[in-house]
Amino acid sequence: MISSKKEELKQLMMAQAGLVEKMISMAIGGLYDSGVSFVEEVMIFEKHVNQIEMELESKCTALIALHQPEAKDLRVILMIYKINNDLERLGDQAVNIAESAAQLVGNPVIRELPELITMKNATLAMLKESLDAFAREDISAARKVCNDDNIVDDLNRNIYKHLVKLMKANPHQIDLYLHILRIAKNLERIGDLSTNIAENTIYLAVGKSIKHHVEEL
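Counting from 284, one number per residue, gives the positions in the sequence shown under my numbering.
Written as structure tokens, this is what we have:
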């Protein structure tokens, strides 16, 4: 009974994750579209993500209350509960990106920062790999995600430095550059939340928290 319930929770969580991945791709892709309808689409997806979050939270709580799982079963349910929260927050980051991207659509200033696409690709890869690692309970893949967070942090720092130079050279465009800065910050946050998922995967597999201590695993 509890095994089938756990699998149901996993499948629902992965469906939620798929929606979040689409939201992020749609939001950042909107920078290069000719219209702003992508913002409305991201908002629609967010409603679905929020609905799934509430459903998962309710089902996790009910499963613990009714079946009183122990050891590994309990860890699985608790990690799904935590990742569910991370996925909802990831959806919020996608909405933030979409709102800023809508202010930049068609603006040539975007061509000055190709690193933004590199950062988007890196964060989406981290998210996908963290979720795949959870599904397989793959410690090696989860640890790679934790280490890749440094790459995203470096990209964010480089973009910040580049933007500061552009702001000094083009003070009349500061508002536009601030939107780009916000997008980069939200992408960095996506990397952080993906790392959370990877860390929870390691905890699930070995029963040990490695937050801030990836190198010890």
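Don't be surprised by glycine CBs; every beta carbon is placed ideally from N, CA and C.
Residue state for GLU420 is assigned as coil, using DSSP reduced to three classes. If you keep only unbroken alpha helix (DSSP H) runs of at least 4 residues inside the region 287 to 368, you get 320 to 350. Secondary structure of GLN386 (DSSP, three-state): coil. Here GLY474 really is in contact with MET409; their C-beta atoms are around 5 Å apart, less than 8 Å. In the three-state reduction of the DSSP assignment, PRO397 falls in the coil class. In the structure shown, MET284 falls within a coil segment according to DSSP collapsed to helix, strand and coil. In terms of Cα proximity to ASN483, the closest of GLN351, LEU396, HIS462, ASN368 is ASN368.
Distance from the CA of LYS289 to the CA of ASP356, rounded to the nearest whole angstrom, comes to 8 Å.
Under the three-state reduction of DSSP, LYS491 is assigned to coil, being neither helix nor strand.
Nearest in C-alpha terms to ASP432, of all of ILE457, ASP421, LEU464, ALA405, is ALA405.
Nearest in C-alpha terms to GLY301, of all of GLU371, ILE393, LYS448, is GLU371.
With a contact defined as Cβ atoms closer than 8 Å, LEU438 and GLU412 miss out at about 17 Å. If you draw a 10 Å sphere on the C-beta of ILE363, you find 16 or more other C-beta atoms in it, and that means buried. Under the 8 Å Cβ criterion, the region 380 to 397 counts as touching the region 443 to 462, having at least three qualifying pairs. For ASN453, the three-state secondary structure derived from DSSP is coil. The Cβ atoms of MET309 and GLU324 sit closer than 9 Å to each other. Contact check for PRO391 and ILE285: beta-carbon distance about 56 Å, past the 8 Å limit, so the pair fails to qualify. GLN376 places its beta carbon less than 9 Å from that of LEU476.
Short of 8 Å from the beta carbon of GLU329, and not among the five residues preceding or following it, lie these beta carbons of its own chain, in chain order: MET306, GLY374, ASP375, ALA377, VAL378. A distance below 6 Å between beta-carbons, with the five flanking residues on each side excluded, links PHE321 to the following residues of its chain, in chain order: MET309, GLY313. For the pair GLU340 and LEU449, the Cα-to-Cα distance works out to about 45 Å.
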